[in-house]
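A short worksheet on the structure shown next.
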Amino acid sequence: MMTWNSQIFQIRVKETNGGYQAQEVGSTNVGAGESIPDAITDYAERCKRSEG
Numbered sequence: 004m005m006t007w008n009s010q011i012f013q014i015r016v017k018e019t020n021g022g023y024q025a026q027e028v029g030s031t032n033v034g035a036g037e038s039i040p041d042a043i044t045d046y047a048e049r050c051k052r053s054e055g
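Here the sequence shown is numbered in the working numbering, starting from 4 and rising by one per residue.
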């Protein structure tokens, strides 16, 4: 028998003058980067730092 645990995240990315910003719905953390993947990675790293 297989069980699955999953979480769905809704991360919004918007283009700014110098790149992109990523933010999960309901979060106060905002990530930034020159590309969409960079912004999402920065957002995730900021969330990790704010947790602990």
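The beta carbon of each residue, even a glycine, is placed where N, CA and C say it ideally should be.
For residue i, the nearest candidate out of the options (CA to CA)
{"i": "Asp-45", "options": "Glu-54, Gln-24, Val-28", "result": "Gln-24"}
{"i": "Ser-53", "options": "Ile-14, Asn-32, Thr-6, Glu-37", "result": "Asn-32"}
{"i": "Ala-35", "options": "Ile-11, Ala-47, Asn-8", "result": "Ala-47"}
{"i": "Gln-10", "options": "Glu-37, Asp-41, Glu-27", "result": "Glu-27"}
{"i": "Ile-39", "options": "Asn-8, Trp-7, Ile-14, Thr-6", "result": "Ile-14"}
{"i": "Thr-19", "options": "Glu-37, Gly-29, Phe-12, Cys-50", "result": "Glu-37"}
Opening and closing residue of the alpha helix (DSSP H) in which residue i lies
{"i": "Thr-44", "result": "39 to 54"}
Residue i, enclosing beta strand (DSSP E) - first and last residue
{"i": "Gln-13", "result": "Premise fails: Gln-13 is in no beta strand (DSSP E) and is neither H nor E."}
Buried or exposed (CB count within 10 angstroms, at least 16 for buried), residue i
{"i": "Gly-21", "result": "exposed"}
Beta bridge counterpart(s) of residue i as assigned by DSSP
{"i": "Gly-36", "result": "Tyr-23"}
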